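*Asks:*
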Amino acid sequence: MSERLGLNGTILTYQDVADVLTAKTGVRVTRATVWRIVNGKGEPENKSQRRALGLPVTAPAVVCPTHGVVHPGRCPRLARKPKSLFDLPTAALAWMIRNRREYAPD
Ligand SMILES: [Zn+2]
Numbered sequence: 008m009s010e011r012l013g014l015n016g017t018i019l020t021y022q023d024v025a026d027v028l029t030a031k032t033g034v035r036v037t038r039a040t041v042w043r044i045v046n047g048k049g050e051p052e053n054k055s056q057r058r059a060l061g062l063p064v065t066a067p068a069v070v071c072p073t074h075g076v077v078h079p080g081r082c083p084r085l086a087r088k089p090k091s092l093f094d095l096p097t098a099a100l101a102w103m104i105r106n107r108r109e110y111a112p113d
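For the sequence shown, the working numbering gives the first residue as 8, with consecutive numbering after it.
Now the structure itself:
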């Protein structure tokens, strides 16, 4: 970690790493944050802290082929498409039963 962050000199503790990073970047980094990263327990979400720690701030995302935008989660159109007869909304299912329609997903 010290090579990646460009830290020089003797560093003995997580607090030393946090102090050096705070002094070097001007962004307060705590020893708890350093400990979590070193032990694989999570990374900070704060952009300035990520930048201070040498973590990526942005990541490539897949564009939805239907809408042409990046959805924060799954595409809402895909989520609405029922996979089985029993995934249909109650009103739609009742309409199909009343009108004797067969379920034919595309
Ligand atoms: Zn979409």
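A virtual CB, placed ideally from N, CA and C, is assigned to each residue, including glycine. Every value quoted in this text rests on a predicted model; they were computed, and no experiment measured them.
1) In chain order, what residues of the same chain have a beta carbon less than 7 Å from the beta carbon of Y41, not counting five sequence neighbours either side?
2) Please write down, chain order preserved, every residue whose beta carbon lies under 6 Å from a heavy atom of ligand 1.
3) Please list the terminal residues of the continuous alpha helix (DSSP H) segment that includes D26.
4) If you run the structure through DSSP and keep just helix, strand and coil, what is A111?
5) Please name the residue in T65, N46, K48 whose C-alpha comes closest to that of S55.
6) Beta carbon of L62, beta carbon of E50: below 8 Å?
7) Please report the distance separating the alpha-carbon of L28 from that of N46.
8) With H, G and I counted as helix, E and B as strand and the rest as coil, what does DSSP make of K54?
*Replies:* The answer reads as follows:
1) The sequence given here places Val at residue 41; Tyr does not occur at that position. Excluding residues within five positions, the ones whose Cβ falls inside 7 Å are Y21, V24, A25.
2) C71, T73, H74, H78, C82, R84
3) 21-32
4) coil
5) T65
6) yes
7) 18 Å
8) helix
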